[in-house]
Each structure stands twice: as structure tokens, then as C-alpha cells.
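Numbering (my numbering), first residue to last: 460 to 665.
Down below is the structure, laid out as C-alpha cells.
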Amino acid sequence: MNPRRLAIYAEADRLTAAVADATGLACPTGCGACCVRTPPHVSVADVAPLARAAIAAGEGEALHARATALGAGPCALFAPGQLPGGCTVYAIRPIICRLFAFAAVRDKRGAPELAICREHSAADPGARGRVDAYLSAGGEVAMFADLQSEAHEPDDGPAALVPINHALVAALERELLRARYGSGANSACQDGSIAEPSESSESSSA
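Spelled out as C-alpha cells, the structure:
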């Protein structure tokens, strides 16, 4: 993973930790609801590092098949019971997965409003009040739109957000082509012909 993306991830982790430390906000142990019931929408660029890592580990084809089969369902990288949160790629998880439930959107006045997870609210009814007090006092918080925009790398595909498995399929197809044919595949990758989520991944969600 390139240093620029690593720096953005580190900043996201710092800001989400600030919210958690100040408010006590925490995911229920082993939850994974955001991976199963409401899988994240990401860009191809978000999951390109995951695709490269899977291919390097000899798992690219298997992950491609799993992501294609699951379609818009549970994240193909989720493993129930594995900690933290069932994520098998926790160290290199996409920016949205780092921010979810610990970052903010802008309300109609432009002020930050934390997009708190319903699992947090159910497990800790006082969480919303503590978070609101933290933000009202000027506490630091990550903004979804800002960090998502910063993390996007145009060379790794379009910025459109799609279900994570669809993005994985597209990223894996692109990186597998590069792995097989080397620099000769660059033109096919750069012209966008395999940068969009594949038809097979779209149809599998029907």
C-alpha cells in the first residue's frame, strides 16, 4: 500500500480513536453487523490494496469467486467469530470500514453530526448524548466525505461507490490481468474497460 493511503488511514484511525476515547463509544464485541446486514459501499480504489494482497497470497481467484457469489450480500472478507469484528483484512480495511459509526456527516447548518450505528445505540443508550456533547464542545471528528475523497486514487478506478463485493470483483479482475500479463495489461486497465463492477457481480445480487 502506498504511503499516501497509509497516512490517510492513520489519520482516520487517530480521529476515530479520539471519539472513542472521549465518549466511550465502542462496537459490541464481535458484532460485524455492518459487514453482514448493511455491507459498505466502496470504490474500486478502496479495495485495490485488498485485491493485490489476496493475489500475492495466492488467494485472488478464490476471493473473486466468493465475492461474485455473494454479490450485494455479506462482505466476502467477513469471517464470523474472528476478532476484531470478523474482518479478515482488518489492518488494510477500506476507509469507510475505519470510519463507520465513528465519523460525521454535515447537518443542514454545516455542523458535524455523528452517523452513529444503531447497534451502538441499542447496546449503549447513552452513547448519542455523550457524542453530541463531545461534538458541541468542538471535539475532533473525522468527516466521511472529506476522508473518502482524500483516499480516492484515480489510477485505481472510478470514484463511484458500489457494494463492496462488486468493487472487489472489479479490482480483482483488474489486478489478476496485470499479474498475468504485466505491463501489457496497463492500457486495458487504464481505459476503464475492466474498472467497473462486472456484470456477473451485478446479476448475482438479483
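For each residue, glycine too, the CB sits at the ideal point set by N, CA and C.
Bear in mind the structure is a predicted one, so any value in this text is a computation, not a measurement.
Item: Measure the alpha-carbon distance for Ala592 versus Asp583 and round it to whole angstroms.; Value: 15 Å
Item: So for Phe565, helix, strand or coil by DSSP?; Value: Here residue 565 is Arg; the residue named in the question, Phe, does not match the sequence. Strand at Arg565.
Item: Considering only residues of the stretch 508 to 535, which uninterrupted beta strand (DSSP E) runs meet the minimum length of 3 residues and lie entirely inside it, listed in chain order?; Value: none
Item: Evaluate the contact criterion for the stretch 615 to 633 versus the stretch 493 to 513: three or more CB pairs, one atom per stretch, below 8 Å.; Value: yes
Item: Assuming contact is defined by CB atoms lying nearer than 8 Å, are Phe537 and Gly530 in contact in what I supplied?; Value: no
Item: Inspect the beta-carbon positions of Leu620 and His500 and report whether they are closer than 8 Å.; Value: yes
Item: Helix, strand or coil: which one does DSSP assign to Leu606?; Value: helix
Item: When DSSP labels each residue in this structure, what does Glu572 get in the three-state scheme?; Value: strand
Item: So Asp505 packs on Ala610, CB below 8 Å; how close in whole Å?; Value: 7 Å
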